[in-house]
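Counting from 1, position 32 in the sequence shown corresponds to residue 32 in this note's numbering; the numbering is continuous, with no gaps. Every residue gets a Cβ at the ideal spot worked out from N, C-alpha and C, and that includes glycine. No experiment lies behind these values; they were computed from the predicted model shown. Worksheet: one structure, shown below.
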Amino acid sequence: SRLRELEAETDRAFLAEMIDMYIVDSPRHLNELKQGLLANDERKIVAAAHTLKGSSLNLGANALGEACKELEEVVRQRPLTDVQQWVERFDRLFETTCHDLLEHKQRLIG
């Protein structure tokens with residue numbers, strides 16, 4: 001629904017460009033997040049999760065954005081013990097998010 005809102009607020013070419021920027025920029029944040037998880041570096045995890053959360057929610061990638069929000073809260077409350085599960089979860093969510101955004105972009109520029 002957020003993409004439909006953006007589509008109504010802006011032109012299709014700009015929204016397609018926003019999707020492209022997300023697809024290009026977000027892997028760096030995802031990698032930082034995963035590096036932070038593997039190193040158990042709370043500061044790095046929170047910073048990367050926060051950045052990825054914002055950009056994801058701005059484009060309506062709610063599942064990924066909410067997972068980032070959850071991770072921010074969890075890592076501040078206790079040490080992570082299920083790091084590999086988090087890494088795998090973010091990989092799946094990111095893949096799904098990119099797939100969905102690219103499909104939406106195709107409909108935009110169709």
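Report task. With DSSP as the reference, label R4 as helix, strand or coil. Result -> Reading the sequence shown from its first residue, position 4 is the one you call residue 4. Looking at R4 - three-state DSSP - the assignment turns out to be helix.
Query raised in the report: Is it true that the segment 28-37 meets the segment 77-94, where meeting means three or more beta-carbon pairs spaced less than 8 Å apart?
Result: Yes, since at least three Cβ pairs between the segment 28-37 and the segment 77-94 fall closer than 8 Å, the two stretches touch.
Requested in this report: Would you tell me roughly how many angstroms separate the C-alpha atoms of V75 and I45, rounded to the nearest one?
Outcome: Position 75 of the sequence shown, counting from 1, holds the residue named residue 75. Position 45 of the sequence shown, counting from 1, holds the residue named residue 45. Using only the alpha carbons, I get a separation of about 8 Å.
Requested in this report: Would you kindly check if the distance between the Cβ of G60 and the Cβ of F1 is under 8 Å?
Outcome: In the sequence shown, the residue the question calls residue 1 occupies position 1. In the sequence shown, the residue the question calls residue 60 occupies position 60. In the sequence as presented, Phe is not what sits at residue 1; that position holds Ser. In this structure, S1 sits near G60, with a CB-CB distance shorter than 8 Å.
**Report entry** Segment limits, alpha helix (DSSP H) that includes R28
**Finding:** If you number the sequence shown from 1, residue 28 lands on position 28. Taken as a continuous stretch (DSSP letters only), the alpha helix (DSSP H) holding R28 covers 12-39.
Query - Inter-residue spacing [alpha-carbon to alpha-carbon] between H50 and R43 - result: As a working note, residue 50 is residue 50 in the sequence shown. As a working note, residue 43 is residue 43 in the sequence shown. Rounded to the nearest whole angstrom, the CA to CA distance from H50 to R43 is 11 Å.
Query raised in the report: Helix, strand or coil: which one does DSSP assign to L108?
Result: As a first step, residue 108 is located in the sequence shown; it is residue number 108 there, counting from the start. Residue state for L108 is assigned as helix, using DSSP reduced to three classes.
Requested in this report: Keeping to the same chain, check which residues put their C-beta closer than 6 Å to that of L93; ignore five residues upstream and five downstream.
Outcome: Locating residue 93 in the sequence shown gives position 93, where the first residue counts as 1. For L93, the CB contacts under 6 Å within the same chain, skipping 5 residues up- and downstream, are A63, L64, A67 in chain order.
Query raised in the report: Based on Cα-Cα distance, which residue from M18, G110, V24, L30 lies nearest to F90?
Result: What you label residue 90 is simply residue 90 of the sequence shown in a count that begins at 1. Minimum Cα distance to F90 is reached at L30.
Requested in this report: Determine, using beta carbons only, whether M21 comes closer than 8 Å to chain B.
Outcome: Going by chain labels, chain B is absent from the structure shown, which holds only one protein chain.
Query - Length of the line joining the Cα atoms of R4 and D82 - result: Numbered from its first residue, the sequence shown carries residue 4 at position 4. Numbered from its first residue, the sequence shown carries residue 82 at position 82. Cα to Cα, the separation comes out at about 36 Å.
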